[in-house]
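Protein chains in written order, with the numbering used here: chain A, 24 to 434; chain B, 24 to 434.
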């Protein structure tokens, strides 16, 4: 293990930070099904009953006994006696005996005695007789009771983010009160004497704050709850007061600004005072994003992010997102960005001492995805708006054009 | 062109439908930047000024004239006279003449006369002299005025969905009122005598409605505005009254239920009465989802979806989503699901007369993505909850294991 204060790799930094913070959800609540989209469920959801609750036909046709039709063919159809029709939404009293059949609609209950449904396209009807033109295996065109979900079975494991299909399954099982984790509350600050809000006209030397918008949007996209706390001056007293105040109601405090030595000093001076154990990681061997402070102060996650909007976004994705996803309660296999394989179309070189994260545009070229590096200095926010994701280039390595790389896609 | 009433392929159906509907946004509004995440901007956004508005240093170091340092080296450093320090957020009056330099923080204004910044790590300071250990090319460590965005340049084209980075760029340019398309309003109905709401206990033959939840969630995920109109009985009068009422306030009306012949009759009977030109497509050669009605009635998009939750979700994605994305105003290249290349791990066979859409799970195996078909009958909603996306198998073809396929990822 590296000594404290040494520059850590991304994985070392993250491992050390997660082992100190041990992030987990702050609690649970019950969400109504109507508002559960994209929430993370906090308990294994078991089917309280079989789904479907009865044998259902998956086609329009005739419920039959497959044994009757072993030798059916177009040249030698088997005639069955039509003994009734199943009505949608009702229990059927019909019973299919040998040599009989019953009309059944898609979604209708398969009557007792029948073990399969013949599609109507494969029959000819003549009065009370239905001629079947082909054999059917047992179970054909039937969704059996409990085949979709069996009573008692875990159908949605704890830590699942609820997509439209999970909501549908919950509805089908009658789960209208959904146990969900409470999302972490994240306070976001921008620091820097050069910053003005976007609705201000900057004076010479000033610049409009972007991080308030990028970071709160990144937080919101994950499903956590952002609150922008404002722009703070490069002044230890003001920064400390604002961060301490935020720590009273937020689980996570993010303060960007700190690419400059002056600003870094402020966060580097203030953060250790905010509580124990304090600063866990200071500096990570990544480009962009080296001057990052990861701290844990009296139970609050406190992160000092670089001031460059691009660096702040990348550091958020690499180092803050894993913490938030654990606090959101997401299962480990559902964490992190989507990654896809792509062919690099131009060579990339990383510096000797840092892994570089290079923005790329991803496009289909014939049958393969191509990853084209976005040109422009790393401080340019337009390198992010022109990109679909980014590629990691390990420190001191050159990745040749034509190499297959993994692209971390933006959400 | 196929005759009206014939079963169309997916592309034929979609082309025909889009050419009749010609979907486009219903209007525009101005959204405050704070609430513009995931909205679609309705105008080309041009930079009103240069970004950055002045030459900015990207590092902590010394602003220099690169010409002075052509022969600098660790063995033979070039000494420069330190003539001042740039302060963050202020215009600097310092001017760097030949043989001089000025201290500048990351993000600070590069003073007049200087054309590059040397990182402080590459210098040694001795009183008023700064010794530089290496040459720097002109422009090194400087983000030039207008390099990120030049005044007048289109930085965000119309039809862009605003991600965190676009919000940051808008903030940087002072665009706090964002022109956005109004999202389409989508009414969703479930039809079928067998359906009960999820908080009801189904009687024998009944089943809980899932489509209300899956479809409204799919609509919401795209950024359109869903409203669930309720469960309708298989009764033409009731269905017609409800759909007509919804058409007064919705741009799109979706009615699921119609896998059964009885129900299809109701929608097939009602929809043509709702306005002109009426039904455009009835039946599409896809599995699942064949019994689909695409209609355009007095300026309203009206779609009859299959009742099976899985079929309804797939048809929504294949046939309704393209219409909604056009109505949302999304640029064509931003429409549709994310698709990724993956290696199929088991063979798939489609029927002779329909393209089949098979749910798959996607996992990294070594350096490639593997697509594993999800087992289970197509009517099972759990085939959707266990899947990450789906693969298209063209009608009458067999796709062998090991083939590279395109997976349409779920959002």
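In this text, a Cβ means the ideal position worked out from N, Cα and C, and glycines have one as well.
- Rounded to the nearest whole angstrom, the CA to CA distance from residue 265(A) to residue 252(A) is 8 Å.
- One finds 221 and 236 in chain A with Cβ atoms closer than 7 Å to the Cβ of residue 56(B), taken in chain order.
- Per DSSP, the unbroken alpha helix (DSSP H) holding residue 188(B) starts and ends at 187 to 195.
- By the Cβ test, the segment 221 to 233 of chain B is not in contact with the segment 75 to 87 of chain B, since fewer than three Cβ pairs between them sit closer than 8 Å.
- With its beta carbon less than 8 Å from one in chain A, residue 407(B) belongs to the interface.
- Following the DSSP letters along the chain, one finds residue 407(B) inside the alpha helix (DSSP H) bounded by residues 405 to 408.
- Pairing residue 327(B) with residue 353(B) gives a Cβ-Cβ distance that is not under 8 Å.
- Around residue 327(B), no beta-carbon contact reaches into chain A at under 7 Å, the shortest distance being about 14 Å.
- Annotation for residue 419(A): 375 place their beta carbon closer than 6 Å to its own, counting only its chain and skipping 5 residues before and after.
- In the three-state scheme derived from DSSP, where H, G and I count as helix and E and B as strand, residue 305(A) is classed as strand.
- Taking the C-beta atoms as reference points, residue 86(A) is found no nearer than 8 Å to residue 44(A).
- Taking the CA atoms as reference points, residue 122(A) sits about 20 Å from residue 83(A).
- When DSSP states are grouped into helix, strand and coil, residue 345(A) belongs to the helix group.
- Chain A places no beta carbon closer than 8 Å to that of residue 426(B), leaving this residue out of the contacts.
- The CB of residue 179(A) comes closer than 9 Å to the CB of 408 in chain B, given here in chain order.
- Listed along chain B, no residue sits closer than 9 Å to residue 350(A) by beta-carbon distance, the nearest being about 19 Å off.
- Going by beta carbons, residue 209(B) and residue 256(B) fall outside the 8 Å limit.
- Annotated as proximal: residue 412(A) and residue 432(A), with beta-carbon spacing under 8 Å.
- Runs of beta strand (DSSP E) with 3 or more residues, each lying fully within the segment 345 to 385 of chain B, are found at 362 to 367, listed in chain order.
- Residue 388(B) has a beta carbon lying at 8 Å or more from every beta carbon in chain A.
- CA-CA distance, residue 182(B) to residue 114(A), rounds to 51 Å.
- Around the beta carbon of residue 90(A), fewer than 16 other beta carbons lie within 10 angstroms, which makes this residue exposed.
- In the structure shown, the three-state DSSP call for residue 288(B) is helix.
- Under DSSP, the beta-bridge partners assigned to residue 105(B) are 124(B).
- Under the DSSP definition of a beta bridge, residue 220(B) lacks any partner.
- Contact annotation: the segment 182 to 192 of chain A touches the segment 347 to 361 of chain A, with at least three C-beta pairs closer than 8 Å.
- Per DSSP, residue 148(A) is one residue of the beta strand (DSSP E) stretching across 146 to 149.
- Contact of residue 115(A) with chain B by beta-carbon distance below 8 Å involves 228.
- Classified as exposed, residue 226(A) has fewer than 16 neighbouring CB atoms from the shown chains inside 10 Å of its CB.
- In this structure residue 221(A) is not in contact with residue 130(B), their Cβ atoms being roughly 17 Å apart against a cut-off of 8 Å.
- Under the three-state reduction of DSSP output, residue 57(A) falls in the helix class.
- The beta carbons of residue 430(B) and residue 383(B) sit closer together than 8 Å.
- Against chain A, the CB of residue 77(B) has a partner CB under 8 Å away; the residue lies at that interface.
- Contacts between residue 330(A) and chain B, judged by CB atoms closer than 9 Å, involve 129 and 130 in chain order.
- Within the DSSP bridge table, the entry for residue 132(B) names 79(B) as partners.
- Excluding its 5 nearest sequence neighbours in each direction, residue 424(A) has C-beta neighbours in its own chain below 7 Å: 367, 368, 369 and 370, listed in chain order.
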